[in-house]
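What follows is one structure encoded as structure tokens, with my remarks underneath.
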Amino acid sequence: MRKPYLPVLPAPLLRNAVEAALLEDLGQAGDVTSLATIAPDIRAEAVMNVRQDGIVSGLDVARAAFAALDASTQFEALVADGDRVQAGQDIARITGNGRSVMGAERVALNFLMHMSGIATHTARFVAELQGTNARVVCTRKTTPGLRAFEKYAVRCGGGTSHRYGLDDAILIKDNHIAVCGGVAQAVARAKGYVGHLMAVEVEVDTLDQFRAALDAGATIVLLDNMDTDTLREAVAMGRGAVLEASGNVDLNTIRAIGETGVDYISTSKITMAAGTLDIGLDIKLGVNG
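In full-length UniProt numbering, the protein residues as written are 1 to 289.
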């Protein structure tokens with residue numbers, strides 16, 4: 001059963017992504033090794049197995065990869081996205097034409113390993129924040145073309161997302177402020193542009209800028225590269241604004257940042273510094289169809 005906090009990856013998004021990846025892998029001639037060695041009527045039964053402890057993410061993408069190559073392939077998930085799994089555990093069974101199973105194997109595993117790696121890495125950050133009110137959020141620093149999948153994986157690991165793209169939220173950064181001539185001017189222009197239905201967030205580097213952002217009516221303030229003492233000062237004078245900390249966030253620092261009382265901690269580490277989760281596919285049986 002899908003966990004309630006996980007979004008649904010739309011079918012067209014899955015289809016387009018896996019078809020592009022399959023085209024990249026199969027090229028013009030197809031899987032020549034399987035074509036040369038596997039008879040066309042051979043059916044294969046296979047299992048996907050994790051080699052490391054971690055959090056699973058991307059099962060629907062793996063399913064879509066097999067289905068895109070051969071709609072008759074059966075994919076049975078044995079766990080759900082967001083589940084914690086142990087090394088040696090089977091997470092899916094696949095049954096279908098032998099050539100098709102082999103042709104889609106690497107694309108399915110690449111997505112699943114990449115997304116599960118991000119989910120697993122995110123869960124480590126989430127664990128460090130236990131007992132605080134802070135939530136860890138990912139940023140727009142994602143692999144081009146894979147943002148939806150990587151942000152979904154963050155959710156599987158217990159994290160959440162900052163803005164998805166440039167079009168769904170106002171975030172005034174230092175360069176915007178420099179062009180506008182100051183924090184107050186930038187916030188005023190932003191609030192006038194979007195009206196009252198869209199939150200306005202502004203990034204500040206100092207407590208003076210922070211006061212200016214609050215005075216200008218910023219809804220959310222991003223406290224960038226501030227030490228923990230300065231973050232505590234900002235929290236004490238926050239006037240009800242939502243506060244986000246960013247900069248120099250890693251597994252060694254996130255706990256101390258969370259204990260300052262900020263609401264959110266944004267970091268690119270959960271998407272850009274995550275490794276992959278080792279997952280393999282093993283053929284259990286090959287039979288004439």
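Idealized CB from N, CA, C, for every residue including glycine.
Cβ-Cβ separation, Ile-270 to residue 290 (assumed contact under 8 Å), whole Å: Outside the shown range of the chain, which is 1 to 289, sits residue 290, and nothing can be said about it.
What is the DSSP secondary structure of Tyr-193, reduced to helix, strand or coil? helix
Using 8 Å as the cut-off, can you tell me whether the region 13-23 makes contact with the region 253-268, which would need three or more C-beta pairs spanning the two stretches below that distance? no
With DSSP run on the structure shown, which of helix, strand or coil describes Asn-49? strand
I need the DSSP call for Glu-259, collapsed to helix, strand or coil. coil
Short of 6 Å in beta carbon distance, which residues of its chain neighbour Ala-65, apart from the five on each side in sequence? Order them along the chain. Val-18, Ala-104, Val-107 and Ala-108
Whole-angstrom distance between Met-115 and Asp-70, CA atom to CA atom: 23 Å
What alpha helix (DSSP H) runs, 4 residues minimum, are completely inside the region 38-82? 59-69
I need the DSSP call for Arg-232, collapsed to helix, strand or coil. helix
Report all residues from its chain with a CB closer than 7 Å to the CB of Val-249; omit the five preceding and five following residues, and keep chain order. Ile-257, Ile-265, Thr-267 and Lys-269
Three-state secondary structure assigned by DSSP to residue 290: In the structure as shown, the chain begins at 1 and stops at 289. Residue 290 is therefore absent and cannot be evaluated.
DSSP beta-bridge partners for Asn-97? Arg-43
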